[in-house]
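Presented below is the structure to which this report refers.
Have a look at this one:
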């Protein structure tokens with residue numbers, strides 16, 4: 001047996017999943033966070049049963065990648081699976097539309113009225129017995145974040161699976177049932193894929209579901225298929241909006257009817273409080289002031305935190321390296337390997353603990369309180385100027401921590417064009433590794449004003465690149481359309497769990513590159529190959545950018561590990577600390593180096609992530625573009641210094 | 001897909017804050033229409049405008065105690081009448 005958690009975005013599926021199997025799934029107060037599915041186990045009567053948390057979807061009519069993932073899973077259910085349909089009880093009517101679609105699958109099923117406490121606070125009272133009577137499957141009330149009712153859910157799911165409790169068939173009016181019967185006749189038995197119910201296939205065909213159509217087409221002869229198509233086309237012509245509209249509006253009305261029969265709504269005052277908070281946070285002036293203040297505060301707090309946490313971590317790894325060398329003997333082949341290993345690990349762990357953990361915790365807090373949706377609302381207008389919309393701001397903000405999860409997060413966007421443009425812009429966001437370079441060089445040697453110039457420039461560059469890309473890929477962006485969730489007080493466990501999941505993306509994608517890069521670099525230094533590389537790159541580094549030739553190796557390997565570029569530069573220039581650097585480098589060289597290192601080619605881990613989420617062509621294209629941007633900006637820095645000094 | 005209408009028609013984007021209107025039609029492509037349906041917005045529904053942002057930003061509407069933000073472009077494509 002296998003339990004599949006299905007529900008609309010933000011219904012609390014992941015919270016239920018996490019409360020039974022421990023933290024594996026991202027749950028948040030932001031629609032569309034589970035972008036791929038997660039597995040775990042739960043015990044029912046001494047039997048170990050697999051639970052699968054799939055992305056939330058509003059309906060089986062997928063509108064983005066994450067929803068597509070969910071629909072594909074639902075269409076290909078293992079034979080002995082039980083659907084656990086999680087519903088946000090406070091939006092019962094809307095949620096039932098998905099429930100009705102799922103019922104058409106005629107699989108063992110349980111309906112969970114989750115967040116029942118929130119619903120009751122809003123004055124909604126639901127009779128689960130009445131609902132169970134209409135749907136024909138067990139209905140369980142729960143409050144996943146408090147762990148209430150969770151055990152009951154899986155108990156009922158187990159029962160539904162064992163006893164084969166499948167939903168009732170809710171027949172529609174004649175205008176639906178007549179074409180369904182006609183389609184069923186045409187489909188016969190062989191037109192229906194084994195895993196599906198015939199009525200389900202007919203309804204999905206009427207909704208012009210491309211996956212179902214393709215599956216049926218494969219099974220049917222050419223003539224049979226033509227008959228089917230003719231019937232569907234005729235049906236489409238007879239109903240304004242097409243046959244899909246006929247079915248979806250029927251389901252919509254049915255959901256509302258069921259809601260009216262099973263729920264009662266009293267007036268309450270909670271809406272007032274929310275309205276007052278939103279009046280400030282979503283205000284066109286006050287909202288922006290609050291947002292800017294909060295983001296600036298977070299930036300400041302995180303860099304202060306890193307300043308305290310980073311040095312002891314680096315010291316610890318350096319100590320481990322020295323002990324290892326003592327043990328294995330200096331001067332061997334192992335010394336550079338060990339040095340690379342510990343430096344790579346140390347750098348990765350240090351970035352992870354001192355920057356990413358506080359950053360992701362902060363972001364998780366913004367998500368879970370519901371504030372992130374308000375940011376998307378506020379910035380929608382600005383994002384429209386570069387051909388995107390408010391939701392794109394979410395991956396971009398993530399990018400300030402690490403570009404890798406930012407690229408993954410573009411999957412919350414519906415159109416492939418928006419995803420590509422947002423991913424491209426995300427690579428231009430100075431991530432925490434680049435922050436290390438910017439603060440360590442420009443911040444330490446010049447002023448915070450000079451640091452601000454780089455950050456402001458990066459935003460301007462994003463604006464220009466966004467404008468150019470959306471001009472080059474003209475398409476009407478579907479525009480912002482998202483639920484603005486209620487405010488929640490986030491639970492500590494949920495925040496920690498989510499932070500860990502984002503960290504995992506960094507640990508698995510980025511740290512291997514950091515370690516491998518460091519080892520290669522140490523070997524190159526050890527065998528004195530660096531000089532050759534520097535000489536080859538000299539026309540570019542010294543000629544074009546006006547940097548010392550020794551920067552060649554540093555920049556080449558900065559692609560592997562951005563934050564390493566700082567330490568590498570100090571080592572290559574023979575400087576003991578940043579202040580010492582000014583002895584061997586001019587201010588313009590330091591500034592040019594910082595700007596170039598911040599913009600040229602996102603680190604290799606990010607490039608690999610782009611290739612994974614999109615394809616290698618996009619990854620190369622984006623790398624090339626950032627490289628050109630870095631050169632242009634570096635030349636501008638040189639020009640600016642030349643003019644003003 | 002127009003439902004029966006008695007009152008003057010206008011666009012959701014042109015409605016004022018706190019105004020209560022009934023969706024009459026969605027004058028947009030299949031994709032946009034589908035997205036709206038999936039959030040529970042159909043012709044015949046009564047929605048109220050909760051919040052409008054300045055200068056062509058999105059508009060927040062409430063439908064059955066859920067709030068939904070809609071970009072101005074999309075809101076221009078939703079035909080409504082006074083409820």
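Protein chains in written order, with our numbering: chain A, 1 to 645; chain B, 1 to 83.
Here a beta-carbon is modelled for each residue, glycine too, at the ideal position from N, C-alpha and C.
Inter-residue spacing [alpha-carbon to alpha-carbon] between residue i and residue j
i	j	result
residue 83/B	residue 242/A	26 Å
residue 114/A	residue 370/A	18 Å
residue 35/B	residue 63/A	7 Å
residue 630/A	residue 497/A	37 Å
residue 529/A	residue 564/A	19 Å
residue 401/A	residue 606/A	12 Å
residue 419/A	residue 610/A	11 Å
residue 48/A	residue 151/A	14 Å
residue 253/A	residue 191/A	30 Å
residue 486/A	residue 535/A	60 Å
residue 368/A	residue 56/B	28 Å
residue 73/A	residue 54/A	8 Å
residue 282/A	residue 111/A	35 Å
residue 27/A	residue 582/A	Residue confidence is low: residue 27/A scores 49 on pLDDT, short of 50, so the model does not pin down where it sits. No coordinate-derived value is stated.
residue 76/A	residue 453/A	52 Å
residue 158/A	residue 104/A	20 Å
residue 33/A	residue 408/A	Any reading at residue 33/A needs caution, since the residue's pLDDT is 47, under 50, leaving its predicted position unreliable; the model's value is listed next. Taking the straight line from one Cα to the other gives about 10 Å.
residue 330/A	residue 559/A	29 Å
residue 10/B	residue 348/A	57 Å
residue 510/A	residue 325/A	26 Å
Nearest residue (CA-CA) to residue i, options the options
i	options	result
residue 358/A	316/A, 511/A, 382/A, 306/A	306/A
residue 101/A	43/A, 384/A, 502/A, 167/A	167/A
residue 335/A	368/A, 318/A, 581/A	318/A
residue 144/A	212/A, 16/A, 72/A	16/A
residue 87/A	382/A, 566/A, 117/A, 232/A	117/A
residue 106/A	81/A, 350/A, 141/A, 300/A	81/A
residue 461/A	235/A, 479/A, 625/A, 324/A	625/A
residue 119/A	31/B, 62/B, 66/B	66/B
residue 7/A	40/A, 21/A, 69/A, 50/A	69/A
residue 185/A	287/A, 85/A, 225/A, 396/A	225/A
Host beta strand (DSSP E) of residue i (start-end)
i	result
residue 264/A	263 to 265
residue 53/A	47 to 53
residue 81/B	78 to 82
residue 433/A	No beta strand (DSSP E) holds residue 433/A; the alpha helix (DSSP H) holding it covers 432 to 438.
residue 354/A	First-last for residue 354/A: undefined, no H or E at that position.
residue 9/B	9 to 11
residue 166/A	Counting along the chain, residue 166/A falls outside any beta strand (DSSP E), and DSSP gives it neither H nor E.
residue 62/B	59 to 63
Per DSSP, the bridge partner or partners of residue i
i	result
residue 274/A	Paired residue(s): none; residue 274/A is not in a bridge.
residue 81/A	2/A
residue 481/A	70/B
residue 38/A	53/A
residue 489/A	Per DSSP, none; premise fails for residue 489/A.
residue 43/A	48/A
residue 113/A	87/A, 141/A
residue 125/A	264/A
residue 23/B	80/B
residue 47/B	21/B
residue 148/A	143/A
residue 7/A	86/A
Check: residue i C-beta below 7 Å from any heavy atom of the ligand NAP
i	result
residue 100/A	Looking at this structure, you won't find the ligand NAP or any other ligand, since it has none at all.
Boundaries of the alpha helix (DSSP H) in which residue i is found, first to last residue
i	result
residue 383/A	371 to 385
residue 421/A	416 to 427
residue 13/A	13 to 21
residue 207/A	Counting along the chain, residue 207/A falls outside any alpha helix (DSSP H), and DSSP gives it neither H nor E.
residue 629/A	616 to 644
residue 223/A	222 to 238
Proximity test, Cβ basis, 8 Å: residue i and chain E
i	result
residue 58/A	Going by chain labels, chain E is absent from the structure shown, which instead holds the protein chains A and B.
Checklist entry - Can we say the region 519 to 528 of chain A touches the region 339 to 354 of chain A, given the rule of at least three CB pairs closer than 8 Å? => result The region 519 to 528 of chain A vs the region 339 to 354 of chain A: in contact.
Next on the checklist: Does the contact criterion of 3 or more C-beta pairs under 8 Å hold for the region 42 to 52 of chain B versus the region 6 to 18 of chain B?
Outcome noted: They touch, by the three-pair rule.
Checklist entry - Does the region 562 to 578 of chain A come close enough to the region 440 to 447 of chain A that 3 or more CB-CB pairs lie under 8 Å? => result Contact holds: three or more Cβ-Cβ distances are below 8 Å.
Checklist entry - For the region 627 to 645 of chain A against the region 453 to 469 of chain A, are there 3 or more C-beta pairs whose distance is under 8 Å? => result Contact between the region 627 to 645 of chain A and the region 453 to 469 of chain A is present, because at least three Cβ pairs lie under 8 Å.
Checklist entry - Any contact of the region 123 to 143 of chain A with the region 260 to 267 of chain A, i.e. 3+ C-beta pairs under 8 Å? => result The region 123 to 143 of chain A makes contact with the region 260 to 267 of chain A, as at least three CB pairs between them are under 8 Å.
Checklist entry - So, do the region 402 to 421 of chain A and the region 502 to 516 of chain A have three or more beta carbon pairs nearer to each other than 8 Å? => result Judged by Cβ distances under 8 Å, the region 402 to 421 of chain A makes contact with the region 502 to 516 of chain A, as three or more pairs qualify.
Item to check | the region 162 to 177 of chain A in contact with the region 288 to 297 of chain A per 3-pair CB rule at 8 Å | outcome: In the pairwise beta carbon analysis, the region 162 to 177 of chain A is classified as not touching the region 288 to 297 of chain A: fewer than three pairs are separated by under 8 Å.
Checklist entry - Taking contact to mean at least 3 C-beta pairs separated by less than 8 Å, is the region 531 to 547 of chain A in contact with the region 410 to 424 of chain A? => result Between the region 531 to 547 of chain A and the region 410 to 424 of chain A there are fewer than three C-beta pairs closer than 8 Å, too few to call the two in contact.
Checklist entry - Do the region 221 to 237 of chain A and the region 169 to 178 of chain A meet, that is, are 3 or more Cβ pairs less than 8 Å apart? => result Contact annotation: the region 221 to 237 of chain A does not touch the region 169 to 178 of chain A, with fewer than three C-beta pairs closer than 8 Å.
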